[in-house]
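Top to bottom, those sequences are chains C and X.
Numbering of the first sequence is given in the numbering used here, commencing with residue 22 and proceeding in unit increments.
Numbering of the second sequence is given in the numbering used here, commencing with residue 22 and proceeding in unit increments.
Note that the Cβ used here is the ideal one computed from N, Cα and C, for glycine as well.
Note that the structure is a prediction, hence the values are computed from the model and not measured.
2 protein chains.
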Amino acid sequence: MVKYKELSEKLMQQINADIWRVGDKLPSLREQTARTGVSLMTVMHAYEVLEEQGWILSRPQSGYYVAPRTAFLRAPRQQPRMTLIGTVDVNASIFALLRATGDPAVVPFGSAFPDPSLAPLRQLSRSLTAVAREITSDQLLEHLPPGNFALRSAIAKRYAMQGIHIPPEEIVITAGALESLNLSLQAATQPGDWVVIENPCFYGALQAIEKLKLRAIAITSDPRLGIDLAALEEALASKPVKACWLMTNSHNPLGCTLADEKKQQVVALLEKYGVTLIEDDVYSELYFGSVKPKPALAYRRESGVMHCCSFSKSLVAGFRIGWVAAGRYAEEIEKLQLMSTISTSVPMQLTLAKYLSTQRYDSHLKQLRRTLEQRKIAAWRCLKRYLPSSVRINYSDSGYFLWIELPKQIDAGELSQIMLDNKVSIAPGKMFSTGNNYNHYFRINTSYEWRKREEEAVIMLAAVIDMLMGRV
Amino acid sequence: MVKYKELSEKLMQQINADIWRVGDKLPSLREQTARTGVSLMTVMHAYEVLEEQGWILSRPQSGYYVAPRTAFLRAPRQQPRMTLIGTVDVNASIFALLRATGDPAVVPFGSAFPDPSLAPLRQLSRSLTAVAREITSDQLLEHLPPGNFALRSAIAKRYAMQGIHIPPEEIVITAGALESLNLSLQAATQPGDWVVIENPCFYGALQAIEKLKLRAIAITSDPRLGIDLAALEEALASKPVKACWLMTNSHNPLGCTLADEKKQQVVALLEKYGVTLIEDDVYSELYFGSVKPKPALAYRRESGVMHCCSFSKSLVAGFRIGWVAAGRYAEEIEKLQLMSTISTSVPMQLTLAKYLSTQRYDSHLKQLRRTLEQRKIAAWRCLKRYLPSSVRINYSDSGYFLWIELPKQIDAGELSQIMLDNKVSIAPGKMFSTGNNYNHYFRINTSYEWRKREEEAVIMLAAVIDMLMGRV
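Next comes the structure, spelled out in structure tokens:
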């Protein structure tokens with residue numbers, strides 16, 4: 022673990038253990054440096070992370086203090102806990118933005134995909150070459166759902182390593198997690214049904230709900246704590262909800278990861294109301310801590326959880342291979358896939374099975390997490406440096422998104438449009454919500470190396486925000 | 022062109038030119054052999070084809086006579102021309118059958134896919150290896166709709182070779198034609214809309230209609246002549262139809278290819294009523310004649326045709342690459358794809374672009390057509406030899422399906438079940454229709470080499486049909 026991280030985690034544990042209590046003044050930067058033997062930079066860094074995460078407060082000319090619990094566990098501010106949406110209408114601008122992120126001339130802060138140069142291209146190419154050499158015509162016919170058995174077994178083994186028993190028969194290979202999520206939602210609902218989603222949430226959920234003509238209840242999620250359990254229960258009690266689409270780890274766009282206990286509570290609550298959980302867990306491998314967080318799937322007592330994952334964020338996006346551990350819905354998912362895309366390509370499935378058999382995935386992941394964390398911190402520092410202090414940057418300890426809150430009067434959609442005209446994309450909050458609560462938020466992709474181009478883009482971003490603030 | 026084919030086509034032209042008139046006795050087999058210098062087998066073969074296609078009749082102990090025009094151009098028998106279906110409910114047995122065809126222990130007469138050993142595996146593997154060597158991480162990000170530009174350009178060039186101008190911008194790469202067809206139908210309709218389909222038709226159309234909650238009017242199509250234009254116009258006049266899903270070349274399951282004039286008439290009729298044509302043209306490359314039949318797309322005067330194709334039937338199924346030439350719907354299709362599967366895999370798109378650039382596709386196709394024709398004739402001869410004479414085999418001059426009509430009292434669904442218990446699949450007519458008109462039909466896949474195993478399967482098929490006939 023990088024050193025600043027070690028330190029910040031140690032301090033968190035100490036705060037949790039009441040070694041440092043609310044209001045206590047922490048050792049100054051210099052004292053801490055002397056105590057721990059690490060560099061001043063490292064300490065500064067650790068304190069910055071703690072401050073950003075709400076554990077401590079800095080008082081100018083005074084020092085650092087343990088923050089009140091309520092600040093840390095604060096409830097969502099000025100936002101309704103639950104919104105009845107009825108049918109969802111998704112803004113067409115999402116499409117324009119997604120297409121813009123494919124343009125190499127645009128600084129891809131708005132992109133949803135990790136920097137493609139993070140893919141272990143040489144190893145993947147080696148696996149692809151081996152498949153090209155070995156593939157037989159009989160294998161070409163093995164392209165029907167649920168997909169290649171070796172690949173499903175390798176995925177089942179990875180679940181087993183986390184202590185979760187998933188037989189390969191319940192796993193269906195799909196064209197990335199988006200196909201998994203769409204098929205899962207389709208399997209669990211009929212047009213007109215009610216589903217629960219989070220607010221804000223991955224725009225794919227909003228699009229799927231619109232496409233399938235479902236009605237949605239959006240539950241406000243907190244950037245630190247995730248979904249509001251009381252609001253969830255209220256929703257389940259008020260409507261005949263069929264399914265709940267949730268991101269439990271490294272939430273997009275918020276960044277938060279639910280505590281294990283909370284995952285357990287969510288599953289229990291959904292099971293109590295007989296509601297199917299569609300768990301979007303595409304960033305599960307991108308944790309920065311020392312232990313991989315479990316999915317809510319791990320806490321199911323019934324078979325009504327569909328756990329949707331892919332290799333797109335953690336290995337390579339362009340292969341388009343994901344899966345769903347679909348429990349009792351597995352056969353229904355296969356049928357739906359047979360009716361829509363039939364399957365994913367055989368050579369791609371074989372290549373991933375081959376790659377996983379080389380045992381290099383875990384060392385790749387280790388390196389990837391480290392790089393992503395370094396880049397996220399670099400991005401965060403750069404943003405902290407240039408953006409006005411009234412802009413709040415929500416740091417999270419996984420993935421490659423930062424969720425940024427502007428002063429309320431600024432429209433991030435307008436900011437996004439101005440930035441895009443200047444060849445920088447950002448993902449405005451409106452993309453992730455059906456209401457107007459997040460119009461002054463945006464999401465930044467931090468997976469790219471933070472160089473001159475990125476720094477200049479941030480300087481421009483700061484200037485445009487200043488301009489918009491000055492105007493209002 | 023194979024010799025029997027040359028002869029049968031010459032005779033067809035002569036009959037069309039009234040050199041041989043209705044009722045004329047053709048030269049006997051021996052006379053024809055002497056005249057043309059080809060072998061007796063070749064002449065027998067040519068006559069068999071002509072008889073099967075309804076051009077001539079054989080009278081036992083007498084010889085071959087030119088058949089009356091009415092027999093050849095006969096109207097659909099005892100079947101309503103048009104059926105209002107309302108919402109479609111697809112039988113779940115399709116799923117069971119599709120899965121059974123993936124079992125190597127089952128003789129795959131019921132399969133929808135061509136024999137995978139017909140794929141030019143060595144060449145494809147070479148292209149795949151080259152892609153593995155050359156692929157860059159930047160390319161991995163080029164996985165957004167509409168898909169790889171080189172591949173779309175290569176497809177546009179193939180249209181141009183047929184005299185059809187399609188800019189690459191109107192082409193969207195998809196996970197096989199099934200995704201094209203589903204996205205096209207989705208782009209052109211809203212739940213509750215009316216669409217026109219054929220009866221019988223590809224079961225994928227029935228499933229898509231069910232999934233999208235559309236209402237369908239099924240127009241009876243004739244095994245030789247295809248869709249009934251009068252019934253089509255009646256349907257368009259009676260309901261606010263939004264789209265028409267049609268197979269124009271090598272119809273599945275019928276086998277027929279619409280005449281150019283008829284394609285033109287269909288397009289004109291649909292344009293008159295402002296109805297979008299969704300043209301399923303997946304077998305377009307599998308013609309046995311000397312000229313590739315045009316798609317109806319070639320006759321459009323407006324941009325309301327979506328032409329759906331793939332490489333699955335003509336090159337390789339397991340790569341899962343198809344496309345749609347989507348006209349004015351291109352952007353809508355891209356949006357729908359972004360919401361469902363995002364795209365097909367980059368390495369597969371690159372591999373196909375690479376393969377097409379080797380210029381080997383056309384020589385592969387030439388060889389493939391020849392093999393498919395030989396196998397289809399072998400299958401047809403074998404079936405003619407063993408099946409009771411009351412079974413009618415509809416031969417068609419393209420593709421790899423034979424559409425077979427049993428005596429009306431026999432249930433092909435029951436036949437299918439008995440055969441499947443004996444490790445032989447067939448595709449019963451019920452799969453291709455929402456009514457009961459085709460319960461005594463089934464479809465046979467003739468793309469496999471016709472060897473002992475296949476002959477034995479046909480002998481068993483004949484025995485079971487005999488049994489079912491004796492019982493009723």
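- Message: Is it buried or exposed, X:Asn37, if we count other Cβ atoms within 10 angstroms and call 16 or more buried?
- Response: Label assigned to X:Asn37: exposed.
- Quick one: which chain C residues come within Cβ less than 7 Å of X:Met369? Think of a sphere of 7 Å around the beta carbon of X:Met369: the chain C residues whose beta carbon falls inside it are Ser366, Pro368 and Met369, in chain order.
- Count the other CB atoms within 10 Å of the CB of C:Ala96; is the residue buried (16 or more) or exposed (fewer)? Unreliable placement is indicated for C:Ala96, whose pLDDT of 33 sits below 50; no coordinate value is reported for it.
- Those runs of the alpha helix (DSSP H) which lie wholly inside the segment 101–185 of chain C and span at least 4 residues: Those alpha helix (DSSP H) runs which fall completely within the segment 101–185 of chain C and span 4+ residues are 114–121, 142–155, 158–162 and 170–182.
- Item | When C:Glu255, C:Tyr294, C:Phe223 and C:Gln228 are compared against C:Leu275, the one with the closest alpha-carbon | Closest by alpha carbon: C:Phe223.
- Does the count of Cβ pairs from the segment 361–371 of chain X and the segment 325–332 of chain X closer than 8 Å reach three? The way I'd put it, the segment 361–371 of chain X doesn't touch the segment 325–332 of chain X; fewer than three beta-carbon pairs between them come closer than 8 Å.
- Quick one, which of C:Val193, C:Val412 and C:Ala338 has its alpha-carbon nearest C:Ala483's? The candidate whose alpha carbon is nearest that of C:Ala483 is C:Val412.
- List in chain order: all unbroken alpha helix (DSSP H) runs of 4+ residues lying wholly within the segment 218–280 of chain X. Look at the segment 218–280 of chain X and you find these whole runs of alpha helix (DSSP H), each 4 residues long or longer: 224–232 and 250–259.
- Message: Which residues of the segment 163–185 of chain C have a Cβ closer than 8 Å to any Cβ of chain X? Give them in chain order.
- Response: Listed in sequence order: Glu163, His164 and Leu165.
- Within 8 Å, strictly: CB atoms of X:Ile342 and X:Gln380: The Cβ-Cβ distance between X:Ile342 and X:Gln380 does not fall below 8 Å.
- Taking the continuous beta strand (DSSP E) assigned at X:Asn466, which residues delimit it? Counting along the chain, the beta strand (DSSP E) containing X:Asn466 begins and ends at Tyr462 to Asn466.
- Task: Excluding the 5 residues preceding and the 5 following X:Met490 in the sequence, name in chain order all residues of the same chain whose CB lies nearer than 7 Å to its CB.
- Result: Answer for X:Met490: Pro409, Pro428 and Ile431, listed in chain order.
- Item | Counted within 10 angstroms of its Cβ, other Cβ atoms place X:Leu28 as buried (16 or more) or exposed | Answer is buried; the Cβ neighbour count reaches 16.
- Message: Applying the 10 Å Cβ sphere with the 16-neighbour rule, what's the burial state of X:Thr157?
- Response: Exposed, since its Cβ has fewer than 16 Cβ neighbours within 10 Å.
- Item | Residue from X:Tyr86, X:Leu359, X:Val59 and X:Val70 whose Cα sits closest to the Cα of X:Tyr48 | Note on identity: in this sequence residue 48 of chain X is Pro, with Tyr being the wrong assignment. It is X:Tyr86 whose Cα lies nearest to the Cα of X:Pro48.
- Could you confirm whether any beta carbon from chain X is found closer than 8 Å to the beta carbon of C:Glu470? False, the Cβ-Cβ gap to chain X never drops below 8 Å.
- Message: Going residue by residue through the segment 392–459 of chain C, where are the continuous beta strand (DSSP E) segments of at least 3 residues, counting only ones entirely within it?
- Response: Segments of the beta strand (DSSP E) lying fully in the segment 392–459 of chain C: 413–415 and 422–426.
- Item | C-alpha distance - X:Gly131 paired with X:Tyr25, whole-angstrom precision | So the two alpha carbons sit approximately 28 Å from each other.
- Tell me which same chain residues have a C-beta within less than 7 Å of the C-beta of X:Ile476, skipping the five on either side of it? Per the sequence presented here, residue 476 of chain X reads as Glu, with Ile not at that position. Excluding the 5 residues flanking it on each side, X:Glu476 has same chain C-beta neighbours closer than 7 Å at Cys403, in chain order.
- C:Ile156 versus chain X: which residues are under 9 Å apart at the beta carbon? Correct list: Leu142, Leu145, Ser146, Leu149 and Gly339.
- Message: The beta strand (DSSP E) that contains X:Val87, what's its start and end?
- Response: For X:Val87, the enclosing beta strand (DSSP E) stretches over residues Gly84 to Val87.
- Item | Coarse secondary structure for X:Tyr469, derived from DSSP in three states | Residue state, collapsed to three classes: coil.
- Item | Option nearest X:Val217 by Cα separation, candidates X:His461, X:Thr269 and X:Ile299 | Per the Cα distances, X:Ile299.
- Task: Note down, in chain order, each residue of its chain lying with its Cβ closer than 7 Å to the Cβ of X:Ala374, except the 5 sequence neighbours on either side.
- Result: Apart from the 5 residues on each side of it in sequence, X:Ala374 sits with its Cβ closer than 7 Å to the Cβ of Asn169, Ala171, Leu172 and Ala175 in its chain, given in chain order.
- How many Å lie between X:Glu191 and C:Asp442 at the Cα? Taken atom to atom, the span from the alpha-carbon of X:Glu191 to that of C:Asp442 is near 26 Å.
- Query: Using the beta-carbon of each residue, which ones in chain C are nearer than 8 Å to X:Leu206?
  - Reply: Those within 8 Å of X:Leu206 in chain C number zero; the least Cβ separation is about 11 Å.
- Nearest-angstrom Cα distance between X:Arg179 and X:Ala229? Here the alpha carbons of X:Ala229 and X:Arg179 stand approximately 28 Å from one another.
- Give the single residue among C:Ala280, C:Pro261 and C:Leu267 whose Cα lies nearest to the Cα of C:Tyr294. Comparing Cα-Cα distances from C:Tyr294 to each of C:Ala280, C:Pro261 and C:Leu267, the minimum goes to C:Pro261.
- Query: Would you report the Cα separation of X:Phe116 and X:Ala433, rounded to the nearest angstrom?
  - Reply: Each residue's CA atom was taken as its position, placing X:Phe116 and X:Ala433 some 17 Å apart.
- Item | chain X contacts from the segment 292–309 of chain C (Cβ-Cβ distance under 7 Å) | Result list empty, no residue passes.
- What is the C-beta distance between X:Ala399 and X:Val445, in whole angstroms, given that I count them as a contact (C-beta under 8 Å)? Not really, about 17 Å apart at Cβ, beyond 8 Å.
- Contained beta strand (DSSP E) runs [length at least 3] in the segment 325–383 of chain X, N- to C-terminal order: The segment 325–383 of chain X contains these whole beta strand (DSSP E) runs: 326–331 and 343–346.
- Item | Nearest-angstrom beta carbon gap, X:Leu119 and C:Leu165 [assumed within contact, 8 Å] | About 7 Å separates the two Cβ atoms, so the contact holds.
- Interface flag, X:Ile218 vs chain C, CB-CB below 8 Å: Contact with chain C is absent for X:Ile218, since none of that chain's Cβ atoms lies less than 8 Å from the residue's Cβ.
- Determine the direct distance from the alpha carbon of X:Met440 to that of X:Ala523, and round the result to whole angstroms. Residue numbering for chain X in the displayed model covers 22 to 493; residue 523 of chain X lies beyond these limits and cannot be assessed.
- Item | Proximity of X:Ala209 and X:Tyr320 at Cβ, strictly below 8 Å | The answer is no: Cβ separation not under 8 Å.
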